[in-house]
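2 protein chains.
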Amino acid sequence: MARPRLQDVANHAGVSLATASRVLNGSSRQPGPELVERVRAAAADLGYVVNAQAQALARSRTGLLGLVVQDISDPYFSSIAAGAQAAAREHGRMVLLASTERDPDAERDAVAAFAAHRVDAIVVAGTRWSPEEDAPVAAELETFEAGGGRAVVVGQPLGPARVVRPPNAAGAADLAAALHEQGHRRFVLLSAPDRVVTAQERAGAFADAVAAGGGEVLEVIEQQFSRDGGFAAGDRVAEIARESAGAGLDAPCVFAVTDVMAIGLIARLRDLDVAVPDDVRVAGFDDIPTLRDHVPSVTTVSIPLEEMGRLAVAAAVAEEGAEVGAAVGHEVVLRESTAR
Amino acid sequence: MARPRLQDVANHAGVSLATASRVLNGSSRQPGPELVERVRAAAADLGYVVNAQAQALARSRTGLLGLVVQDISDPYFSSIAAGAQAAAREHGRMVLLASTERDPDAERDAVAAFAAHRVDAIVVAGTRWSPEEDAPVAAELETFEAGGGRAVVVGQPLGPARVVRPPNAAGAADLAAALHEQGHRRFVLLSAPDRVVTAQERAGAFADAVAAGGGEVLEVIEQQFSRDGGFAAGDRVAEIARESAGAGLDAPCVFAVTDVMAIGLIARLRDLDVAVPDDVRVAGFDDIPTLRDHVPSVTTVSIPLEEMGRLAVAAAVAEEGAEVGAAVGHEVVLRESTAR
DNA sequence: GTGAGACTGGAAAGCGCATTCCGTCCGGAG
DNA sequence: CTCCGGACGGAATGCGCTTTCCAGTCTCAC
Numbered sequence: 275m276a277r278p279r280l281q282d283v284a285n286h287a288g289v290s291l292a293t294a295s296r297v298l299n300g301s302s303r304q305p306g307p308e309l310v311e312r313v314r315a316a317a318a319d320l321g322y323v324v325n326a327q328a329q330a331l332a333r334s335r336t337g338l339l340g341l342v343v344q345d346i347s348d349p350y351f352s353s354i355a356a357g358a359q360a361a362a363r364e365h366g367r368m369v370l371l372a373s374t375e376r377d378p379d380a381e382r383d384a385v386a387a388f389a390a391h392r393v394d395a396i397v398v399a400g401t402r403w404s405p406e407e408d409a410p411v412a413a414e415l416e417t418f419e420a421g422g423g424r425a426v427v428v429g430q431p432l433g434p435a436r437v438v439r440p441p442n443a444a445g446a447a448d449l450a451a452a453l454h455e456q457g458h459r460r461f462v463l464l465s466a467p468d469r470v471v472t473a474q475e476r477a478g479a480f481a482d483a484v485a486a487g488g489g490e491v492l493e494v495i496e497q498q499f500s501r502d503g504g505f506a507a508g509d510r511v512a513e514i515a516r517e518s519a520g521a522g523l524d525a526p527c528v529f530a531v532t533d534v535m536a537i538g539l540i541a542r543l544r545d546l547d548v549a550v551p552d553d554v555r556v557a558g559f560d561d562i563p564t565l566r567d568h569v570p571s572v573t574t575v576s577i578p579l580e581e582m583g584r585l586a587v588a589a590a591v592a593e594e595g596a597e598v599g600a601a602v603g604h605e606v607v608l609r610e611s612t613a614r
Numbered sequence: 275m276a277r278p279r280l281q282d283v284a285n286h287a288g289v290s291l292a293t294a295s296r297v298l299n300g301s302s303r304q305p306g307p308e309l310v311e312r313v314r315a316a317a318a319d320l321g322y323v324v325n326a327q328a329q330a331l332a333r334s335r336t337g338l339l340g341l342v343v344q345d346i347s348d349p350y351f352s353s354i355a356a357g358a359q360a361a362a363r364e365h366g367r368m369v370l371l372a373s374t375e376r377d378p379d380a381e382r383d384a385v386a387a388f389a390a391h392r393v394d395a396i397v398v399a400g401t402r403w404s405p406e407e408d409a410p411v412a413a414e415l416e417t418f419e420a421g422g423g424r425a426v427v428v429g430q431p432l433g434p435a436r437v438v439r440p441p442n443a444a445g446a447a448d449l450a451a452a453l454h455e456q457g458h459r460r461f462v463l464l465s466a467p468d469r470v471v472t473a474q475e476r477a478g479a480f481a482d483a484v485a486a487g488g489g490e491v492l493e494v495i496e497q498q499f500s501r502d503g504g505f506a507a508g509d510r511v512a513e514i515a516r517e518s519a520g521a522g523l524d525a526p527c528v529f530a531v532t533d534v535m536a537i538g539l540i541a542r543l544r545d546l547d548v549a550v551p552d553d554v555r556v557a558g559f560d561d562i563p564t565l566r567d568h569v570p571s572v573t574t575v576s577i578p579l580e581e582m583g584r585l586a587v588a589a590a591v592a593e594e595g596a597e598v599g600a601a602v603g604h605e606v607v608l609r610e611s612t613a614r
């Protein structure tokens with residue numbers, strides 16, 4: 275009834291434990307063909323399933339990969355997770371998942387828990403916060419690497435971790451340039467609180483590019499870094515639009531630092547009978563999978579989310595020294611929401 | 275440099291290994307307060323991190339929970355995963371994730387890998403396939419439970435697993451009734467191949483309810499169980515709509531067995547200049563989070579995805595005997611896409 | 001004052017496996 | 001025919017921790 279152990283298999287096959295181990299678990303030293311056969315048969319006979327825990331203890335490698343994301347139900351992260359998971363499978367690793375609800379403390383707990391489970395590597399995906407909020411996670415990762423693990427972050431630098439950097443600044447700058455090209459000059463930034471580094475990177479680079487192009491940032495709206503944040507910004511954006519229309523000025527163009535915020539914003543504007551793109555133009559960032567089916571279709575910066583997940587895993591499992599190219603491309607995608 | 279072991283902590287504190295273990299790892303037997311203090315200090319001093327692998331081996335419980343989903347980047351599954359992950363955290367469990375790309379073989383491999391890692395329980399989320407395709411996974415789960423694990427499935431029965439059942443039939447029937455109430459009589463079913471049990475359940479119950487109400491199912495379109503399948507069905511649906519209009523009949527109402535298919539369909543119809551809901555009505559199923567922001571807003575059956583994930587985990591970690599209520603509610607949500 | 005309990009801390013036996021080390025056997029070179 | 005090297009199977013050790021089991025101490029009732 276109880277699960278058979280390797281010892282049982284060995285007994286059943288009439289060989290020693292060592293031989294059974296060598297046959298079944300990829301040793302460099304393979305016993306003679308006849309014994310191999312016997313052991314295989316015995317294992318099948320008993321329905322033997324190797325105990326990865328015991329293996330991990332003996333080998334002091336677990337084959338586990340810790341993945342911490344800030345919200346697994348957010349398409350941004352679930353896409354990254356999909357890429358990471360696929361890559362992990364290809365590398366013969368299992369993924370331990372933690373979703374932190376965007377709470378830096380939960381992030382630290384997750385890393386600590388992964389360390390306790392002796393994962394071979396940890397991938398932390400998501401924006402960094404203020405240095406104070408990041409410190410505990412960074413320290414935790416420091417200990418983790420000191421203990422022989424490897425840390426990778428998808429986002430901004432954090433402690434000793436290797437970094438897969440989303441092209442936030444470059445993408446936002448290119449987006450601004452493309453919008454300028456289209457003739458937009460009057461912009462509104464829909465960003466998130468200062469502590470959200472990704473939002474700052476995108477909004478900052480966008481603002482700089484706008485200034486460089488001779489455009490104008492009318493206002494910076496700070497909201498939650500989520501769909502509801504975008505929704506909440508709708509009323510203020512509507513006001514700005516009406517003022518512009520009243521003054522006979524060109525309709526303003528809102529850059530939402532995230533697609534989900536753009537979508538929330540558009541939903542609210544629709545409630546308020548503010549037309550996109552006629553009364554307000556809207557652009558987002560990320561090109562999450564569902565975006566292409568929105569109406570109006572939304573201008574955005576497309577970044578390869580799944581590939582970023584894969585890259586992170588590649589960096590996580592790479593041999594020491596083997597530097598993994600972490601260059602991530604991006605592409606501005608102009609759609610209806612910013613049409614003039 | 276190397277990670278300190280419990281033995282090192284014990285030495286550092288001048289106590290035995292047993293005492294250190296009792297202090298640090300939740301034993302029922304707590305040593306005297308002075309020793310507790312000394313051990314705690316020593317652990318902090320050395321930066322001790324318990325080795326969960328070794329613990330698991332000694333305790334023969336890992337505290338791990340295996341979650342296998344069919345596509346983590348699909349909102350249906352990422353919502354379930356979010357619920358499962360949150361519940362797991364509350365129960366002090368870690369989640370091992372596998373995403374199978376809707377491949378039954380990969381499903382079996384995932385379960386086998388989880389079994390090897392000696393997870394305490396396995397949750398398999400997603401539709402079942404044909405009995406032949408399900409057999410290997412079922413067998414794997416059988417062995418797993420025989421070895422003392424627990425299996426839970428979110429979907430349809432599978433081997434020995436406890437079941438959290440999405441209200442497919444009831445939801446589809448209620449949706450049909452609600453649409454009947456609205457005056458719809460002419461329906462098209464956008465379903466998936468026979469092997470996709472969830473699609474069959476939904477389409478079947480819907481068709482029955484339509485028949486019972488005196489309505490008519492004009493056609494059953496079979497496509498992939500995904501956004502692209504819905505998209506691909508667009509041309510045929512457009513034809514049907516034009517025929518209806520030509521014959522002066524009421525615009526047909528398409529029931530797509532999944533929201534993502536409905537969204538794909540609507541996208542294609544838009545390309546084809548077929549208006550929803552004027553020329554065709556469309557309803558979906560699931561009420562995935564992003565659905566509410568679609569234009570037109572889409573009629574659907576709302577089911578509590580996150581809660582289903584939570585329920586599954588609750589069933590997975592429940593004591594033997596303690597039966598967990600697995601009743602899952604649903605609600606028909608009528609929106610613009612089926613307005614008359 | 002004495003013995004029975006109730007506690008407490010420590011020694012030691014595993015948990016299931018990988019791997020080092022050792023002894024044996026074989027073939028081939030000298 | 002001898003000797004050496006290589007191949008091969010098995011015994012034994014250890015991975016880091018939990019958990020009996022044991023022996024010693026303390027308390028309290030009698």
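Protein chains in written order, with my numbering: chain X, 275 to 614; chain W, 275 to 614.
We put the beta carbon where it would ideally sit given N, CA and C, even for glycine.
Proximity test, Cβ basis, 8 angstroms: residue i and chain X
i: W:N617; result: Given that chain W is displayed from residue 275 to residue 614, the structure contains no residue 617 of chain W and the question cannot be resolved.
i: W:R392; result: yes
i: W:R296; result: no
i: W:V369; result: yes
i: W:A590; result: no
i: W:R382; result: no
i: W:V607; result: no
i: W:S576; result: no
i: W:S500; result: no
Residue i beta carbon near the ligand SAM (any heavy atom closer than 7 angstroms)
i: W:E475; result: With respect to the ligand SAM, the structure offers nothing, as it holds no ligand at all.
Nearest neighbour of residue i, chosen from the options [CA to CA]
i: W:A590; options: W:S352, W:G538, W:G423, W:V323; result: W:G423
i: W:V554; options: W:D567, W:T564, W:V572, W:D560; result: W:V572
i: X:P551; options: X:V324, X:V511, X:L371, X:M582; result: X:V511
i: X:R469; options: X:P378, X:V556, X:A479; result: X:P378
i: W:G445; options: W:A479, W:P305, W:V313, W:N325; result: W:A479
i: W:V491; options: W:Q497, W:A356, W:S500, W:A481; result: W:A481
i: W:L432; options: W:A447, W:P467, W:V471; result: W:V471
i: W:A601; options: W:I577, W:A541, W:F559, W:T612; result: W:I577
8 angstroms Cβ cutoff, residue i in contact with chain W
i: X:M582; result: no
i: X:P405; result: no
i: X:R424; result: no
i: X:I346; result: yes
i: X:R614; result: no
i: X:A512; result: no
i: X:S301; result: no
i: X:S237; result: Lying before the first or after the last residue shown, residue 237 of chain X is absent from chain X, which here runs from 275 to 614.
Under 8 angstroms between C-beta atoms of residue i and residue j
i: X:I346; j: W:Q359; result: yes
i: X:A294; j: W:S373; result: no
i: X:V233; j: X:V426; result: Any answer about residue 233 of chain X is impossible in this case: the structure gives chain X only from 275 up to 614.
i: W:Q497; j: W:L543; result: no
i: X:R392; j: W:A326; result: yes
i: X:D448; j: X:V606; result: yes
i: W:A466; j: W:A473; result: yes
i: W:V556; j: W:S611; result: yes
i: W:G508; j: W:L565; result: no
| query | On the three-pair Cβ rule with 8 angstroms, is the region 510 to 530 of chain W touching the region 443 to 461 of chain W? | reply | Enough Cβ pairs lie closer than 8 angstroms, so yes.
| query | Given 8 angstroms as the limit, is there contact between the region 399 to 406 of chain W and the region 337 to 354 of chain X, that is, 3 or more CB pairs closer than that? | reply | No, they do not touch.
| Using a Cβ cut-off of 7 angstroms, which residues of the region 326 to 339 of chain W contact any Cβ in chain X, in chain order? | Taking 7 angstroms as the Cβ-Cβ cut-off against chain X, the residues of the region 326 to 339 of chain W that qualify are A326, Q327, A328, A330, L331, T336.
| message | So, does the region 443 to 453 of chain W touch the region 505 to 525 of chain W, judging by three or more C-beta pairs under 8 angstroms? | response | Judged by Cβ distances under 8 angstroms, the region 443 to 453 of chain W makes no contact with the region 505 to 525 of chain W, as fewer than three pairs qualify.
| task | Assess, as a yes-or-no matter, whether the region 535 to 552 of chain W is touched by the region 490 to 504 of chain W under the definition of 3 or more beta carbon pairs within less than 8 angstroms. | result | By the Cβ test, the region 490 to 504 of chain W is in contact with the region 535 to 552 of chain W, since at least three Cβ pairs between them sit closer than 8 angstroms.
| request: Give the residues from the region 414 to 441 of chain W that approach chain X closer than 8 angstroms (Cβ to any Cβ), ordered along the chain. | output: For the region 414 to 441 of chain W, the set of positions with a beta-carbon nearer than 8 angstroms to some beta-carbon of chain X reads T417, A420, G421, G422 in chain order.
| request: With 7 angstroms as the C-beta to C-beta threshold (strictly closer), list the residues of the region 311 to 326 of chain W near chain X in chain order. | output: Result list: G321, V323, V324, N325, A326.
| Are the region 306 to 322 of chain X and the region 309 to 323 of chain W touching by the rule of at least three beta carbon pairs closer than 8 angstroms? | No, they do not touch.
| What residues from the region 531 to 565 of chain W come within 8 angstroms of chain X, judged by C-beta to C-beta, listed N to C? | Those would be I537, G538, I540, A541, R544, P563, T564, in chain order.
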